[in-house]
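Taking it in order: structure first as structure tokens, then the write-up.
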Amino acid sequence: MRNRFFDFSNKMRVFRVITAHLTAMFAVLIIVCFIIDRVNTAMEFMSSELSKWCIAILAVLALISSILTICALWINPDKKRRPAPQRRRR
Numbered sequence: 008m009r010n011r012f013f014d015f016s017n018k019m020r021v022f023r024v025i026t027a028h029l030t031a032m033f034a035v036l037i038i039v040c041f042i043i044d045r046v047n048t049a050m051e052f053m054s055s056e057l058s059k060w061c062i063a064i065l066a067v068l069a070l071i072s073s074i075l076t077i078c079a080l081w082i083n084p085d086k087k088r089r090p091a092p093q094r095r096r097r
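Residue numbers (the working numbering): 8 to 97.
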């Protein structure tokens, strides 16, 4: 039996899953740096060059992930025809 979760034949689905996971990881990284910066201001995590790059990567990934999600909501993923609504007879 083939597990659909590990099906890599649909390249767009794989790209969406990877983008979503990367976005979540960078979001957690930014939140951790923000909390550490509030506790220990001498570290200056949020003003360093590395944190600026992390925020930029997070913004790009979030934009790509949101565009893919919006597109997925507009397209019927099963490619099945939806039944026409039934008309009531009078």
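For each residue, glycine too, the CB sits at the ideal point set by N, CA and C.
Selected residue, minimal CA-CA separation from residue i, among the options
i: C40; options: S16, C61, I77; result: C61
i: A34; options: M19, A69, E56; result: A69
i: T30; options: M19, I64, K59; result: I64
i: I82; options: F15, R20, S58; result: R20
i: A27; options: S16, N47, F15, S72; result: S72
i: A66; options: N17, M32, F15; result: M32
Proximal residues to residue i (C-beta, below 7 Å), its chain only, five neighbours per side dropped
i: M53; result: C40, F41, D44
i: L80; result: none
i: L36; result: C61
Simplified DSSP assignment, three categories, for residue i
i: M50; result: coil
i: S16; result: coil
i: R23; result: helix
i: I74; result: helix
i: M8; result: Annotation note: pLDDT 47 at M8 (below 50); position unreliable, coordinate value reported separately. Correct three-state label for M8: coil.
i: S55; result: coil
i: R45; result: helix
i: I37; result: helix
i: I64; result: helix
Spatial neighbours of residue i in its chain, beta-carbon cut-off 6 Å, leaving aside the 5 residues before and after
i: L75; result: R23
Neighbour flag for residue i against chain D, beta carbons, 8 Å
i: Q93; result: Judged by its chain identifiers, the structure shown contains no chain D, having just a single protein chain.
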